[in-house]
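A.B. asks: Counting from 1, position 158 in the sequence shown corresponds to residue 158 in UniProt numbering; the numbering is continuous, with no gaps.
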Amino acid sequence: MHILKVLNNNVVIVKDDDCLEKVVMGKGLGFQVKPGQLVERNKIEKIFTLADEVSAPSPQVIPHNVSAAATPQATPPASSPDLGAVPPQLYQICRDFVTQAGERLHLSFRNSLTLALADHIFYALQRLIKGEHVVNALLQEIKQFYPEEYSLSTLALELIKKQTGLNLPEDEAGFIALHLVNAALDENMPKTMEVTRLIADILSIVNTQLGISPDNHSLDYTRFITHLKFFAHRLLLKQDLPPCADFLFDEIKRHYPVSYNCVKRINMYVKQRFGHEISRDEITFLTVHIERVRNATTGQ
1 MHILKVLNNN VVIVKDDDCL EKVVMGKGLG FQVKPGQLVE RNKIEKIFTL ADEVSAPSPQ
61 VIPHNVSAAA TPQATPPASS PDLGAVPPQL YQICRDFVTQ AGERLHLSFR NSLTLALADH
121 IFYALQRLIK GEHVVNALLQ EIKQFYPEEY SLSTLALELI KKQTGLNLPE DEAGFIALHL
181 VNAALDENMP KTMEVTRLIA DILSIVNTQL GISPDNHSLD YTRFITHLKF FAHRLLLKQD
241 LPPCADFLFD EIKRHYPVSY NCVKRINMYV KQRFGHEISR DEITFLTVHI ERVRNATTGQ
């Protein structure tokens, strides 16, 4: 069995010898391992076949219904999710949602997204029943940067309410949207959240430095957000754009001094936070995008 993705120290997603994706559990199974490595078979305690490989997880593994499983006694520690606690009907809700999301976004999601959503939503329902509320500090940014994913996630809340009678708050729609973004980019959740925070911080610098309030629905702003998403990923992965000619950097710097100075401020922020500066090529393209947004906002 080869590891496809590490969910936590005790749970990994693997592809077996028959090329089937499975969830494998065992103490320390995911500790300090990476995708592509072989599973230590002597540590395996439980194996689950993912929903797309069979009609539903084995009833011997998931025998509970939503209301029964949502009692405080049934809540496992968040650091080691009890996949067996998730009821089959919740897997089905998530399967239906992932199928619809894939069609809308023109993406083919891995089966692991269904698993991750079912696990997240199961514990969200438990918290709701117990009167607990987790605030999504990035909710407004998620709505702004990932509008299509957020719109789809409100559909997930409707499906959940229809099937369970429970009305999850919009904070959960934000979390579900991040799961979609995470799966689409094949990233882990902390990195997806870091990208979202980074974009928000850069936009705050732009708005403050230039004294503008851009039209969030304008074409130039939408293109800028798209550029920032890729920029943020390159920054976190320490990757650079292909080099452009030096004269282009010099011309952009000379023609767009206001936007260039704004990018210099962004560069200071990046250096303080990540310990390295933005490349000249990144500065060039950031300057062009900011200049477009500035012109569209000020009418220059």
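The beta carbon of each residue, even a glycine, is placed where N, CA and C say it ideally should be.
The structure presented is a predicted model; accordingly, all values stated were derived computationally and were not measured.
Assuming Ile13 is part of the beta strand (DSSP E), what are its boundary residues?
C.D. replies: Run containing Ile13: Val11 to Lys15, per the beta strand (DSSP E) assignment.
A.B. asks: Which residues in the same chain as residue 302 place their Cβ atom closer than 8 angstroms to its Cβ, once the five residues preceding and following it in sequence are excluded?
C.D. replies: Within the shown structure, residues of the chain are numbered from 1 to 300, placing residue 302 beyond reach of any answer.
A.B. asks: Pick helix, strand or coil for Leu83, following the three-state DSSP scheme.
C.D. replies: For Leu83, the predicted model reports a pLDDT of 49, less than 50, meaning its position is unreliable and no value from the coordinates is stated.
A.B. asks: Going by DSSP, what residue range makes up the alpha helix (DSSP H) through Ile176?
C.D. replies: That run of the alpha helix (DSSP H) goes Glu170 to Leu185.
A.B. asks: Count the other C-beta atoms from every protein chain shown that fall within 10 angstroms of the C-beta of Cys19, then say buried if there are 16 or more, exposed otherwise.
C.D. replies: Burial call: exposed.
A.B. asks: Looking only at C-alpha atoms, which of His179, Cys262 and Val33 sits nearest to residue 301?
C.D. replies: Within the shown structure, residues of the chain are numbered from 1 to 300, placing residue 301 beyond reach of any answer.
A.B. asks: Which of helix, strand or coil does DSSP assign to Val134?
C.D. replies: Coil.
A.B. asks: When the Cβ atoms of the segment 229-239 are set against those of the segment 185-203, are three or more pairs found closer than 8 angstroms?
C.D. replies: Contact holds: three or more Cβ-Cβ distances are below 8 angstroms.
A.B. asks: Based on DSSP bridge pairs, tell me the residues matched to Ile93.
C.D. replies: The partner list for Ile93 (beta bridge, DSSP) is empty, contrary to what the question assumes.
A.B. asks: Going by the CB atoms, is the gap between Leu117 and Phe145 shorter than 9 angstroms?
C.D. replies: No, these two residues do not count as a Cβ contact at 9 angstroms.
A.B. asks: Rounded to a whole number of angstroms, what is the C-alpha to C-alpha distance between Ala173 and Asp250?
C.D. replies: Answer to the nearest angstrom: the Cα atoms are 44 angstroms apart.
A.B. asks: Looking at the structure shown, is His289 part of a helix, part of a strand, or coil, going by DSSP?
C.D. replies: Here His289 sits in helix by DSSP.
A.B. asks: Give me, in chain order, the residues of the same chain whose beta-carbon lies closer than 6 angstroms to that of Glu158; leave out the 5 immediate sequence neighbours on both sides.
C.D. replies: Nothing listed; no residue qualifies.
A.B. asks: What is the DSSP secondary structure of Val6, counted as helix, strand or coil?
C.D. replies: DSSP places Val6 in strand when its eight states are reduced to three.
A.B. asks: Please report the distance separating the alpha-carbon of Glu149 from that of His227.
C.D. replies: Cα to Cα, Glu149 sits roughly 17 angstroms from His227.
A.B. asks: Quick check: the Cα distance between Thr208 and Val181, rounded to an integer number of angstroms?
C.D. replies: Roughly 28 angstroms separates the two Cα atoms.
A.B. asks: To the nearest angstrom, how far is the alpha carbon of Ala137 from that of Lys143?
C.D. replies: Cα to Cα, the separation comes out at about 12 angstroms.
A.B. asks: Exposed or buried, Val135, counting other C-beta atoms within 10 Å across all chains shown (16 or more means buried)?
C.D. replies: Exposed: under 16 other Cβ atoms inside 10 Å.
A.B. asks: In or out: Gln126 buried (at least 16 other Cβ within 10 Å) or exposed?
C.D. replies: Buried: at least 16 other Cβ atoms inside 10 Å.
A.B. asks: Got a sec, what are the start and stop residues for the alpha helix (DSSP H) residue 345 sits in?
C.D. replies: One cannot answer for residue 345 here, as it falls past the ends of the chain, which runs 1 to 300.
A.B. asks: Leaving aside the five residues before and after His289 along the sequence, list all residues of the same chain whose C-beta is less than 6 angstroms from its C-beta, in chain order.
C.D. replies: The answer, listed in chain order, is Phe224 and His227.
A.B. asks: Any idea which residues DSSP pairs Leu38 with across the strands?
C.D. replies: Note: Leu38 sits in a beta bridge opposite His2.
A.B. asks: Does DSSP put Ile47 in a helix, in a strand, or in coil?
C.D. replies: Ile47: strand per DSSP, three-state reduction.
A.B. asks: Below 6 angstroms CB to CB, which residues in the same chain sit around Thr287 once its five sequence neighbours on both sides are set aside?
C.D. replies: Excluding residues within five positions, the ones whose Cβ falls inside 6 angstroms are Ile252, Tyr256, Ser259, Tyr260 and Val263.
A.B. asks: Near Glu45, which residues of its chain fall below 6 angstroms by C-beta distance, leaving aside the five closest residues on each side in sequence?
C.D. replies: Excluding positions up to five away in sequence, the list reads Met25 and Gly26.
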